[in-house]
Each structure stands twice: as structure tokens, then as C-alpha cells.
Amino acid sequence: AAFNDAQPLFHAPVTTSVPSFHSAVSIWNLSSKDAKDGRIYNEQNFFQRAAKAGTVEKWKKWHSVPLLGIPNCVGFGLHADSYRFLVFSDLGRSLQSVLSDGLHLLREKAAFQIAVRVLDCLEYIHENEYVHGDITAENIYLNPADLTQVTLAGYGFAFRYCPGGKHVALREGSRTPHEGTLEFISLDSHKGTGPSRRSDLESLGYCLLKWLCGTLPWSDELDKVKAVMEQKERKDVRCLLQLCFRQRSIPDALQNYLEQVLALQYEDRPDYAALRQLLRQPLEKMRASAYDCVDVPVVP
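As C-alpha cells, then:
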């Protein structure tokens with residue numbers, strides 16, 4: 001369950017007056033307290049500061065990344081002083097909705113393809129002074145018409161961890177604890193610390209583990225916030241993986257990824273290239289690329 005202060009009234013495709021243009025609109029309820037500090041306002045600020053289309057394209061060229069799943073926000077505003085809204089190009093279907101179709105687990109190929117693509121997005125976001133703060137299958141989108149498109153959406157919990165190039169200090173209790181999707185949030189978020197780069201990478205690791213195994217050791221205790229946090233505080237990666245995989249083979253890439261990420265200090269800059277190479281290893285053995293069509297059956 002996510003700890004949100006606003007819920008979307010609807011999210012639906014709309015056709016604008018511009019020919020051949022298809023977009024999706026999210027309309028959020030707006031109360032007086034949301035005007036300057038709500039989730040949708042926070043998301044709007046992120047797109048204005050850090051995710052303009054031109055900035056994304058420059059980053060792709062500079063880093064030689066063929067595809068980068070940062071959504072294109074084509075508009076935003078207020079309607080009748082009651083609703084704040086953002087408009088995006090059509091993102092397709094959330095990965096969670098695809099899993100809920102009955103898939104439940106991802107093949108190893110698909111899981112590592114998506115993980116690499118999300119890591120690319122996180123490197124971009126982090127280089128632009130923000131962290132995402134809520135990595136979950138609900139916020140990852142696949143386009144059924146083009147399965148090379150993997151988009152990281154849902155920036156309502158985005159946090160500017162490095163304003164003006166200066167990293168915020170580690171201060172527990174400086175924010176509301178447990179913000180985000182409880183099953184996947186980092187220990188930093190549990191403790192009310194402003195999330196940092198390591199926080200997003202920790203959450204991605206939990207997501208990857210869930211996609212491959214179908215459950216996490218705390219998945220049945222999501223009504224017990226403290227119990228979930230205490231389980232995540234156990235830093236024995238091998239034990240965590242054995243609990244999830246049981247008798248199945250544990251991918252070395254996942255174990256090495258989690259060990260490196262959980263060893264990061266609060267202000268450390270992750271070695272994105274090394275982490276990306278780890279996540280690519282299983283794909284290279286399959287002679288596959290993260291930028292191929294994702295190996296997931298998706299219906300529109």
C-alpha cells in the first residue's frame with residue numbers, strides 16, 4: 001500500500017485536437033493544502049526542473065543510450081481551482097497491471113531487461129539532482145505497441161536530494177516516515193530520512209527480487225510497518241535471497257547488485273556503469289540486450 005495524500009480520480013487516454021497525437025491524462029483531487037505541497041505539485045516541479053524533453057535528449061546522446069524511459073509531460077494546470085492535472089504522452093500499461101493479468105512472475109530475461117532500463121532512468125534523474133522515491137511495478141510502464149519502450153513514471157515522491165549540487169544531510173525524522181509503496185521503499189524512507197541515490201537502487205533491488213520470486217519475506221506483513229522495516233534492516237543478502245528463491249538457483253548478478261547497493265553510504269555516488277554491467281550479465285549469456293523488445297506477453 002502506498003502512503004499518498006492524494007489519489008487520482010481517473011487515468012485515461014484522451015485524444016487532443018492535435019492530429020495523430022495520443023496522450024494520457026491524470027487528474028488529481030486538489031484540496032487547499034495541496035496547492036503548494038501536494039504530490040501532483042511535487043511531480044510538476046520535477047518535470048519543470050529536471051525532465052524537459054530537450055534535457056532528456058541531450059543526456060541520451062551524451063551517454064550513448066538508445067532509449068531512455070523518462071515520460072514526456074506535455075501539459076499541466078488547474079481546473080476550476082479543484083483539480084490539479086498533468087498530461088503525458090500515452091505510456092501504455094503499468095507493469096503491475098501486466099503481472100496482475102496472471103503472469104505474477106517475470107522470466108529472468110524480462111526482469112533484467114526492465115531493471116537495466118530503470119537503472120538508466122535513475123542515473124538520469126540522479127544526475128539532475130533528484131531521486132524518484134517510489135520504485136514499484138505500478139510506476140513502470142510497458143507499451144504493448146512497442147515493447148522496446150519501458151517508462152518510469154510516478155514522480156509524486158520525487159525528492160531533490162542535491163539542490164544546487166550540495167547533497168542534503170542525513171537526518172532521520174526530517175520527513176514523514178514510510179512514504180512510498182511500503183513493500184519496496186528503502187530503509188532511508190522508512191526512517192523519515194530524505195531518500196538519496198542509494199534509496200532508489202535499494203528499491204529497484206527489492207522489485208527485481210519480487211519479479212523473479214513472486215514474493216518478499218515481508219510481503220504478508222504489509223499491515224505491520226515496523227515489522228517490514230525490521231526485516232529490511234537485516235543486511236544478510238544471501239539469507240534474504242535464500243528465503244525468496246528457496247531451492248532455486250540464485251542469479252549471481254542479483255546477489256552482487258544487492259551487496260553493492262546495500263553497502264553504499266548515504267551520500268555515495270553509485271557506480272552506475274558497474275551496476276549496469278552486473279544487471280546485463282544474465283542478458284549477455286542469453287545473447288539478449290536490455291534495449292530489445294521486453295520478453296513479456298502484453299495485451300493492449
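Numbering (UniProt numbering) for the sequence shown: 1 to 300. Where is the CB? At the ideal position from N, CA and C, for every residue including glycine. Nothing here was measured: the structure is a model prediction, and the numbers come from that model.
Only buried fits Leu278, as 16 or more other CB atoms lie within 10 angstroms of its CB. Looking at the DSSP output, Val150 sits in a beta bridge with Leu142. Sequence-distant partners of Pro177 (beyond 5 residues in either direction) whose C-beta falls short of 7 Å from its own C-beta, in its chain, are His190, Lys191, Gly192. Residue state for Ser199 is assigned as helix, using DSSP reduced to three classes.
If you draw a 10 Å sphere on the C-beta of Trp211, you find 16 or more other C-beta atoms in it, and that means buried. Within the model, the alpha-carbon separation for Ala153 versus Cys239 is close to 32 Å. Relative to Leu258, the option among Gln247, Arg246, Ala274, Arg248 whose CA is nearest is Ala274. For Val298 against Leu204, the beta-carbon gap comes to about 21 Å, at or over 8 Å, which does not count as contact. Residue pairing of Arg93 in beta bridges, as defined by DSSP: Leu142. Taking all protein chains in view, the Cβ of Ala115 is crowded by 16 or more other Cβ atoms within 10 Å, so the residue is classified as buried. Annotation for Gly77: the continuous beta strand (DSSP E) segment containing it runs 73-79.
Counting every other CB atom within 10 Å of its CB across the protein chains shown gives His104 a total below 16, marking it as exposed. The beta carbon of Thr148 sits closer than 8 Å to those of Leu67, Tyr291, Asp292, Cys293, Val294, all from its chain and outside the five residues before and after it, given in chain order. Annotation: Val74 to Ala50 spans about 14 Å, alpha carbon to alpha carbon.
Spatial neighbours of Leu254 in its own chain (CB-CB distance under 8 Å, excluding positions within 5 residues in sequence) are listed in chain order as Gly205, Leu208, Leu209, Leu212, Leu241. In terms of Cβ geometry, Phe112 and Leu262 do not form a close pair [threshold 7 Å].
The C-alpha of Lys109 lies about 34 Å from the C-alpha of Gln48. Per DSSP, the continuous alpha helix (DSSP H) segment holding His190 begins and ends at 187-190. In this structure, the beta-carbon distance from Glu179 to Phe157 falls below 7 Å. In the pairwise beta carbon analysis, the region 132-141 is classified as touching the region 181-189: at least three pairs are separated by under 8 Å.
Under the 10 Å beta carbon count, His126 is surrounded by 16 or more other beta carbons and is classified as buried.
The beta-bridge partner set that DSSP reports for Arg160 consists of Tyr130. Asp220 counts as exposed, since fewer than 16 other C-beta atoms from the protein chains shown sit within 10 angstroms of its C-beta.
Counting of Cβ neighbours within 10 angstroms places Asp252 among the exposed residues, the total staying below 16. The alpha-carbon of Ile70 is positioned some 6 Å away from that of Thr151. Across the structure, His167 and Gln260 are spaced so that their CA atoms are roughly 21 Å apart. Per DSSP, reduced to three states, the secondary structure at Ile70 is coil, with no helix or strand assignment. By the CB criterion at 7 Å, Leu243 and Pro217 fall inside the cutoff. Ranking Leu106, Leu264, Arg175 by CA distance to the CA of Leu201 puts Leu264 first.
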